[in-house]
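Let me begin by presenting the structure, written as structure tokens, before commenting on it.
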Amino acid sequence: GAHQRPRAPLMGGPASPAVRHAPAGALMGLLSEARDKRKPQTTAEDVARAESQIPAIPRINAAVLAQINAEGQVQDRQPLLDLSFILAKTQDPVFAAQAVHLCERESVCPMMMRIIKAHRELGEAYSGRTISVALSILTNVACLNGHLAVLESGALDLFVALLRSPDTRKDADVELLAVSGVRNLANHVGTAKALRAQGVEEDLERVLDTSTDEKAIAYAAKALQYIAAISLRLNPLDRVRPSKKRAKRAALDERERKLRDQQALRLRQNRAARIIQRRWRLHALGQRMDEVQRIQRAVRRRLARKRANARAALVGKYRPAPVQDAATAGPGAEAAAEVQGAEGAVAPPSSQG
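Going by our numbering, the sequence shown opens with residue 39, and the numbers climb by one from there.
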């Protein structure tokens, strides 16, 4: 089943003393060599089949709920195995995000916690078939970056309790499940801080020293690596001795003050730049309005001249011809006037008749 993925050993047989007692750098080299020798367990067909079944997670979750009786016990584990297979074989980040979203919407992690609690009350061990499948589902949800869903279900405390339980040390399979769950949760900042606050590093180092499973050693070493790397992002005062905290605090306060001054200076510069830009726009707009008004005045003057010229031409066309005076007329004008007078004269009446 897919739940067996975190339970499969890297190499057969117990861990060698060289692996258990090697330094950190040599340990990671030995683990890398062990992973290279491991036989691949996931095929491309499995990945394609699992990713194609992601939209069926709600239906599978409903089938799991249908198999839970009044006592909270799962009667048929096949829907659980199908869900575990999908989460274990999904590799593409897009499909992984879709699977986590569906698991959050369907409350898969809280349901797994209820199943584990019910089967524990019925006397089933953590190495039991149903509980191990439920634990692997929680582990695989965290592996797909579903840390928030796993944290909200309370599975972090369960994995830490399993890691510290004396019974877990006697069962390599349960120990591997616990270490794999811690390892998948340790690559998140919030969970890494919680694990560091609970002192899980000591339990993981114990796994490195006493475990007989190469894969559990690899998971424990990776979890320690995650916690150590993320712890560097914590408050620097958490890693300073008390005698130097005052100087460190003063240096941090001075740095914060400089950052605040720089931010205030940038704000003033931005405000001044906005004011200058606004004034320049207003000045440009005023110049543009003056140009528009000048053009309008020129157009009005041109139209006035055209109207005046048209009025003068119209008055000159219909004005009568001027009458010339006889004193100013020439000889020809006088002769014409005499002829006109002779033709228009009337003879006086005759005295004879």
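Beta carbons are placed, not taken as given, at the ideal position from N, Cα and C, and that holds for glycine.
Using the DSSP secondary-structure output, state which residues sit across from Ile106 in a beta bridge. Within the sequence shown, the letter at position 68 stands for residue 106. In the DSSP output, where bridge partners are listed per residue, Ile106 has Val112.
8 Å Cβ cutoff met for Lys260 and Arg202: What you label residue 260 is simply residue 222 of the sequence shown in a count that begins at 1. What you label residue 202 is simply residue 164 of the sequence shown in a count that begins at 1. Lys260 places its beta carbon 8 Å or farther from that of Arg202.
I need the DSSP call for Ser165, collapsed to helix, strand or coil. The residue given as residue 165 occupies position 127 in the sequence shown. When secondary structure is reduced to three states using DSSP, Ser165 falls in the coil class, being assigned neither helix nor strand.
Are at least three pairs of beta-carbons, each pair with one atom in the segment 133-149 and one in the segment 81-96, less than 8 Å apart? They touch, by the three-pair rule.
If I measure Cβ to Cβ from Gln136 and keep anything under 6 Å in the same chain, skipping five residues before and after, which residues do I get? Within the sequence shown, residue 136 is the residue found at index 98, counting from 1. These residues qualify, in order along the chain: Ile92.
In chain order, what residues of the same chain lie with their CB nearer than 8 Å to the CB of Ser191, ignoring the 5 residues before and after it? To locate residue 191, count along the sequence shown from 1; it is residue 153. Around Ser191: Cys147, Pro148, Met150, Met151, Leu176.
How big is the Cα-Cα spacing for Pro131 and Gly184? Here residue 131 is taken as the residue at index 93 of the sequence shown, counted from 1. Here residue 184 is taken as the residue at index 146 of the sequence shown, counted from 1. Pro131 and Gly184 have their C-alpha atoms spaced approximately 12 Å apart.
Please report the distance separating the alpha-carbon of Glu240 from that of Ala230. Within the sequence shown, residue 240 is the residue found at index 202, counting from 1. Within the sequence shown, residue 230 is the residue found at index 192, counting from 1. Rounded to the nearest angstrom, the gap between the Cα atoms of Glu240 and Ala230 is 14 Å.
According to DSSP, simplified to helix, strand and coil, what is Ala224? On the sequence shown, position 186 is the one that residue 224 refers to. When secondary structure is reduced to three states using DSSP, Ala224 falls in the coil class, being assigned neither helix nor strand.
Can you tell which of Asp247, Ser122, Glu159, Glu243 has its C-alpha closest to the C-alpha of Leu262? By 1-based counting over the sequence shown, the position of residue 262 is 224. Ranking the options by Cα distance to Leu262, first place goes to Glu243.
Leu194 and Val188 - do their beta-carbons sit closer together than 8 Å? Counting from one through the sequence shown, the residue named residue 188 turns up at place 150. Counting from one through the sequence shown, the residue named residue 194 turns up at place 156. Yes. Within cutoff.
Starting from Ser90, trace the alpha helix (DSSP H) in both directions and tell me its first and last residue. For the purposes of this step, residue 90 is identified with residue 52 of the sequence shown, where counting begins at 1. Its alpha helix (DSSP H) spans residues 82-90.
Are the beta-carbon atoms belonging to Thr80 and Lys127 less than 8 Å from one another? Numbered from 1 along the sequence shown, position 42 holds the residue referred to as residue 80. Numbered from 1 along the sequence shown, position 89 holds the residue referred to as residue 127. Between Thr80 and Lys127, the gap from beta carbon to beta carbon is short of 8 Å.
Given that a residue counts as buried once 16 or more other Cβ atoms are within 10 Å of its Cβ, and exposed if not, what is His226? Start at 1 with the first residue of the sequence shown, and residue 226 comes out as number 188. A residue is called buried once 16 or more other Cβ atoms fall within 10 Å of its Cβ, and His226 is buried on that count.
Hey, how far is the Cα of Leu121 from the Cα of Leu305? By 1-based counting over the sequence shown, the position of residue 121 is 83. By 1-based counting over the sequence shown, the position of residue 305 is 267. If you take the alpha carbons of Leu121 and Leu305, they lie about 54 Å apart.
State the start and end residues of the unbroken alpha helix (DSSP H) segment that holds Glu239. As a working note, residue 239 is residue 201 in the sequence shown. In the DSSP annotation of this structure, the continuous segment of the alpha helix (DSSP H) that includes Glu239 starts and ends at 238-248.
What is the DSSP secondary structure of Asp205, reduced to helix, strand or coil? Mapped onto the sequence shown, residue 205 falls at position 167. Looking at Asp205 - three-state DSSP - the assignment turns out to be helix.
Could you say which of Asp211, Arg293, Ile153, Gly228 lies nearest to Ala180 if we only look at CA atoms? To locate residue 180, count along the sequence shown from 1; it is residue 142. Ala180 has its Cα closest to that of Gly228, out of Asp211, Arg293, Ile153, Gly228.
Consult DSSP for Asp328 and reduce its assignment to one of helix, strand or coil. If you number the sequence shown from 1, residue 328 lands on position 290. Residue state, collapsed to three classes: helix.
With a 10 Å radius around its C-beta and 16 neighbouring C-beta atoms as the bar for buried, classify Ile333 as buried or exposed. Position 295 of the sequence shown, counted from the first residue, corresponds to residue 333. Exposed.
So what does DSSP say about Ser170, is it helix, strand or coil? Counting from one through the sequence shown, the residue named residue 170 turns up at place 132. Helix at Ser170.
Could you check whether Ala258 and Val245 sit closer than 8 Å to each other, using their CB atoms as the reference points? On the sequence shown, residue 245 is found 207 positions in, with the first residue counted as 1. On the sequence shown, residue 258 is found 220 positions in, with the first residue counted as 1. Against a cut-off of 8 Å, the Cβ pair of Ala258 and Val245 comes out as a contact.
For Gln307, name the three-state secondary structure that DSSP assigns. Here the question's residue 307 lines up with position 269 in the sequence shown. Looking at Gln307 - three-state DSSP - the assignment turns out to be helix.
Inter-residue spacing [alpha-carbon to alpha-carbon] between Glu109 and Leu186: Position 71 of the sequence shown, counted from the start, is the residue given in the question as residue 109. Position 148 of the sequence shown, counted from the start, is the residue given in the question as residue 186. Approximately 28 Å, taken between the alpha carbons.
Considering Gln136, what are the terminal residues of the alpha helix (DSSP H) in which it resides? As a first step, residue 136 must be located in the sequence shown, where it is residue number 98. For Gln136, the uninterrupted alpha helix (DSSP H) segment begins and ends at 131-143.
Taking the alpha carbon of Asp211 as the point to measure from, which residue in Ala163, Gln315, Ile106, Arg316 has its own alpha carbon closest? One-based indexing of the sequence shown puts residue 211 at position 173. The residue with the shortest Cα to Cα distance from Asp211 is Ala163.
Give the single residue among Ala232, Val238, Arg345, Lys208 whose Cα lies nearest to the Cα of Thr250. Translated into positions along the sequence shown, residue 250 becomes position 212. Nearest C-alpha to Thr250: Lys208.
Between Arg87 and the rest of its own chain, which residues show a CB-CB distance below 8 Å, the 5 nearest in sequence each way excluded? Within the sequence shown, numbered from 1, the residue matching residue 87 stands at position 49. Closer than 8 Å at Cβ, skipping near neighbours: Lys127.
Gly192 (DSSP reduced to helix, strand or coil): Position 154 of the sequence shown, counting from 1, holds the residue named residue 192. Coil at Gly192, not helix or strand.
Given this structure, state the Cα-to-Cα distance separating Gln236 from Val217, to the nearest angstrom. Sequence index remark: in the sequence shown, residue 236 carries index 198 (1-based). Sequence index remark: in the sequence shown, residue 217 carries index 179 (1-based). If I take the Cα positions, the gap works out to 15 Å.
Cut-off 6 Å between Cβ atoms - residues of its own chain near Leu341, not counting five sequence neighbours on either side: Taking the first residue of the sequence shown as position 1, residue 341 is located at position 303. Excluding positions up to five away in sequence, the list is empty.
To the nearest angstrom, how far is the alpha carbon of Arg298 from that of Gln315? For the purposes of this step, residue 298 is taken as the residue at position 260 of the sequence shown. For the purposes of this step, residue 315 is taken as the residue at position 277 of the sequence shown. Cα atoms of Arg298 and Gln315: separation of roughly 26 Å, rounded to the nearest angstrom.
Quick check on Pro44: buried or exposed, where buried means 16 or more other Cβ atoms within 10 Å of its Cβ? For the purposes of this step, residue 44 is taken as the residue at position 6 of the sequence shown. In this predicted model, Pro44 has a pLDDT of only 40, less than 50, meaning its place in the structure is not dependable; the value taken from the coordinates is given anyway. Taking all protein chains in view, the Cβ of Pro44 is crowded by 16 or more other Cβ atoms within 10 Å, so the residue is classified as buried.
How would you write the range of the alpha helix (DSSP H) that Ala156 sits in, first residue to last? On the sequence shown, position 118 is the one that residue 156 refers to. Ala156 -> alpha helix (DSSP H) spans 146-159.
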